[in-house]
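Numbers given in our numbering equal positions in the sequence shown, counted from 1, plus 45.
Quick reminder that beta carbons are idealized off the backbone N, C-alpha and C, glycines included.
As the structure is a prediction and not an experimental result, all values here were calculated from the model.
Notes follow the structure.
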Amino acid sequence: MKKILIINILTFLILGILSCSVNPKTKTSQSLENEETKVSPLNEILKKTLEEKEPLAEEMTLYELLRIPVFKEEVIKRYSTKFHAMAEEVTERSTPVQYDSIDNYYHCDGLSENGTVNVKYYVDTDELDISMLYHGLEVKHDGTIDCGHWVKGYYKNPFGEDDLNDPYIEQEFRGKVNDRFDCQLYIRFEASDHFRLWVEGEYCCNHSPKKVEMLIRDEDDGEVYSIDTEIYKNSFFINTYQNYLFSRLLNKGNLNISIRYLTYLNDYYYYRFRIYNKTNFWAAKTVNLNI
């Protein structure tokens, strides 16, 4: 009797183990089937349009696609709200959405005076690839453009408030005065298309210089450039005919800057600054000043 009971118990346990080992496989296969049958929201939009026999290449453009709620939601989810808003801004004119049956993907483009947008959607991988240029500058997924360390500011109006019609961008560069003491070179670019520079530091010249001599050496090729300046109080301005040269050098970086002040007491102050990296001046000017 005991033997029969033991056999029954063993049989029950074996059946239980077998049933447990089968169920996960069954569930896994079911979940795989569900994943295979699941259709991406993006693919669903485009596929539905084709099934309704509305010629996609003639009926829908990127301009319209960006404003479809489901597509907009996917762009924001995969990129960002700011990125989508910029894409809408740039896409004033757009080409029809086209389908490549060989590689199984959709593609379309948009453009305006501000930039270009290129969209590709790969059906097999559910990949949404959007590249965007804003005034020739690459837009990141979060909708920002790399403007380096430039800071935007405003001149004040007669009431001490920021004058929104008079902006500028500015950056500080560290160096040495007379090869001994720390100092800072401030480079400010104004919306009026002027470069204004000045130097600060404990041992720097604290009054208007009589003359300013400025040399820039491009460390990429060793070329040395003499920059003409005009003095105004404690600042000096780059002569406008050299604006492009100065902005090009400043944008690319890898420079040695040598500045010599001659005071009215015939004393000399030597300032030296090393700019190693690209400053992205052109990007900062375009984004912050719209010029």
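Would you tell me roughly how many angstroms separate the C-alpha atoms of residue i and residue j, rounded to the nearest one?
i	j	result
Y200	D208	6 Å
F240	L290	12 Å
L260	I283	12 Å
S237	V115	44 Å
G205	R123	43 Å
H186	C192	15 Å
S337	D266	Outside the displayed range of the chain (46 to 336) lies residue 337, so it cannot be described from this structure.
I225	Y248	Note that residue 225 is Arg in the sequence shown here, rather than Ile. Straight-line Cα distance between these residues: approximately 9 Å.
F326	I147	43 Å
Q229	E275	19 Å
E264	K323	12 Å
V142	V184	22 Å
Y286	H129	39 Å
Y151	D211	45 Å
K70	P86	With a pLDDT of 43 at K70, under the threshold of 50, the predicted position of this residue should be treated as unreliable, though the coordinate-derived value follows. Roughly 29 Å separates the two Cα atoms.
E258	I214	23 Å
Y231	N288	16 Å
Y321	T136	37 Å
K221	W243	14 Å
I302	M177	35 Å
Y306	N335	34 Å
F318	D145	54 Å
R233	Q216	7 Å
K98	N88	Its pLDDT being 43, under 50, K98 is placed unreliably by the model, and nothing is read from it.
I90	E172	15 Å
M105	W195	41 Å
Go ahead and pull the three-state DSSP assignment for residue i.
i	result
R293	helix
E183	strand
K197	strand
L242	strand
H190	Note that residue 190 corresponds to Ile in the displayed sequence, not to His. Coil at I190, not helix or strand.
L260	strand
R123	helix
Y108	helix
V168	coil
E118	helix
N333	helix
F326	helix
L178	strand
K98	Bear in mind that a pLDDT of 43 at K98, under 50, signals an unreliable position, so the model cannot answer this.
T308	coil
I113	coil
Y313	strand
E217	strand
With a 10 Å radius around its C-beta and 16 neighbouring C-beta atoms as the bar for buried, classify residue i as buried or exposed.
i	result
Y330	In the sequence as presented, Tyr is not what sits at residue 330; that position holds Lys. Buried.
D174	exposed
G198	exposed
T126	exposed
E118	exposed
G181	exposed
N223	exposed
Y277	exposed
D154	buried
N149	exposed
N333	buried
S157	exposed
I272	buried
V162	buried
* Can you check the stretch 121-160 for any alpha helix (DSSP H) of at least 4 residues that lies completely inside it and give the ranges in chain order? => Counting whole runs of 4 or more residues, the stretch 121-160 contains the alpha helix (DSSP H) stretches 126-135.
* Asked: Using 8 Å as the Cβ pair cut-off and three pairs as the minimum, do the stretch 248-257 and the stretch 291-298 touch?
  -> Segments in contact, no.
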